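Using the working numbering, you'd call the opening residue of the sequence shown number 39 and step up by one each time.
The beta-carbon is built from N, C-alpha and C at its ideal position, and this holds for glycine as well.
No experiment lies behind these values; they were computed from the predicted model shown.
Below is one structure; the comments refer to it alone.
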Amino acid sequence: MVSPAPVTPRQPSRSRSRAPLFLILAICLAPLVFALLAYYVPALGLRPQEASNYGTLINPQRPMPDAAALPLATLDGKPFDLNSLQGKWLLVSADEGACPEACVKKLFVLRNSHASQGKNVERLARVWFVTDDAPVPGQILEAYVGTNMLRADPEKLAAYLAPNASPAQREAALKAPMWIIDPLGNLMLEFPADADPISVRNDISKLIRNSRIG
């Protein structure tokens, strides 16, 4: 009687046995491929934006002037040194004492951006440079209690806030923007006159959240 031939176990195909290896290799290489595509093929839209700030960064940053370069006074005539506010983030605007509608909007945006910072609210202060001798309306004084209202010579203030503006442009340059001064005393960010209040608030929130100073 002839013995049956032994049955050899079926071996998995070579290609199937390598499939998990290829899968693992693909998973490991995927982040590298994605990064290379994002960097070298910007048309794909994979590269993150270089900057996410809404305001315009001031480059180079300008240090806060001392009292001799920019004499300031409170509304009741007492001298004020801006450097006394170093250590805080300063939300800054400038306009004439009558404070027209555009001025009110800036004060409103900065006040609300300040108030919305929650537990970080003490890390900020607000400054309004009053660029003439006109009296400030009582309703403005009442609505913006807590703002440092400081009279400043417009020419000296322009030399700090808008140094590259021509004489004809300086008045508009002072009235239009809002600025941020960092806790080290550097003028570092500018917002346009028609700035979106939510975007201003978000920029300030990011600065405060990510900063270890002030």
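Asked                                                                                                                                                                               : Found
Within the same chain, show all residues whose beta-carbon is closer than 6 Å to that of arginine 247, passing over the 5 residues directly before and after it, in chain order.    : none
Return the CA-CA distance between asparagine 91 and leucine 113, expressed in angstroms with no decimal places.                                                                     : 34 Å
Taking all protein chains shown into account, do 16 or more other C-beta atoms lie within 10 angstroms of the C-beta of alanine 206, making it buried, or fewer, making it exposed? : exposed
Apart from the five residues on each side of it in sequence, which residues of its chain come closer than 6 Å, Cβ to Cβ, to aspartate 119?                                          : Ala105
In whole angstroms, what is the alpha-carbon distance linking proline 117 and leucine 222?                                                                                          : 22 Å
Proline 235 lies in the alpha helix (DSSP H); which residues open and close that run?                                                                                               : 235-248
Would you tell me roughly how many angstroms separate the C-alpha atoms of alanine 203 and cysteine 66, rounded to the nearest one?                                                 : 54 Å
Scan the segment 103-129 and note each continuous alpha helix (DSSP H) run of 4 residues or more that stays entirely inside, going in chain order.                                  : none
For serine 53, collect the residues of the same chain with a Cβ closer than 8 Å to its Cβ; drop the 5 residues on either side in sequence, then sort them by chain order.           : With a pLDDT of 49 at serine 53, under the threshold of 50, the predicted position of this residue should be treated as unreliable, though the coordinate-derived value follows. So no residue of the chain qualifies.
I'd like to know whether the C-beta atoms of isoleucine 219 and methionine 226 end up nearer to each other than 8 Å.                                                                : yes
Taking the C-alpha atoms as reference points, what is the distance between alanine 57 and glycine 156?                                                                              : 54 Å
Spell out the partners DSSP gives asparagine 224 in its beta bridges.                                                                                                               : Pro101
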